[in-house]
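A.B. asks: Before anything else, here's the structure in question.
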């Protein structure tokens, strides 16, 4: 994997890097190497346990949230987080995400699938191309190599895991630097259902692993 460098300067506004995998979601957490690399601001460590099935999520009748049939060995749906009105998070793991004191582990080794319903139907070709174009924009803050993907005929984008270095400067002087590891991510738009799925890999999965999971969402 290639090593990239991200530079952040204190005192200079840092534009939120919308990854354009998730349209209105997935801002700087996707790309900047922070532990919360799923882009969500709603779930917090230590919060009470969310429902462990979609039955506990209040979905409107026009939602068609589909789950994958091909998961890593031992993985099951452990949490379904309702970020209404148009966003549900599905968390899969081979271990419980809630501890004895009902504290919720949101940041552990797990597979996350964000399910987003756009307000209006998207153009599939434009959906994919905008994300590819954004990834090559020098101002996008994206360090992963974004590539086009096909999921059962639905268009999307994704990237392999990558290594990078975070550098913080103060008035041009480096005051902190540390390596970080970015996980594989895949997003695609099901234009038949008007639903976007964005998959965030666990610590060991590649983009091809995510593709196999995504293609089992039917």
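Residue numbers (the working numbering): 23 to 240.
All C-beta atoms in this analysis are idealised placements derived from N, C-alpha and C, irrespective of residue type, glycine included.
1) Could you check what DSSP says for residue 180 in three-state terms: helix, strand or coil?
2) Which word fits residue 148, buried or exposed, when buried means at least 16 other C-beta atoms lie within 10 angstroms of its C-beta?
3) Shortest alpha-carbon distance to residue 205 belongs to which of 199, 211 and 232?
4) For a test of the three-state rule: what should DSSP assign to residue 106, helix, strand or coil?
5) Given a threshold of 16 other Cβ atoms within 10 Å of its Cβ, counted over all protein chains shown, does residue 225 qualify as buried or as exposed?
6) I'd like the list of long-range same chain contacts for residue 109, defined as Cβ closer than 6 Å, with 5 residues on each side in sequence excluded.
7) Output the residue ranges of the beta strand (DSSP E) runs that lie fully inside the segment 111–199 and measure 3 residues or longer, sorted by chain position.
8) Starting from residue 221, trace the beta strand (DSSP E) both ways and give me its first and last residue.
9) Count the other CB atoms within 10 Å of the CB of residue 199; is the residue buried (16 or more) or exposed (fewer)?
10) According to DSSP, residue 99 sits in a beta bridge with which residue or residues?
11) Nearest to residue 169 by alpha carbon, out of 176, 212, 96 and 208?
12) What would DSSP say about residue 93, mapped onto helix, strand or coil?
13) Does the distance from the CB of residue 211 to the CB of residue 146 come in under 9 Å?
14) What's the gap between the Cα of residue 117 and the Cα of residue 133?
15) For residue 96, does the count of other Cβ atoms within 10 angstroms reach 16, so buried, or fall short, so exposed?
C.D. replies: The answer reads as follows:
1) strand
2) exposed
3) 232
4) coil
5) exposed
6) 138
7) 133–138, 169–173, 176–181 and 184–192
8) 217–222
9) exposed
10) 114
11) 208
12) coil
13) yes
14) 12 Å
15) exposed
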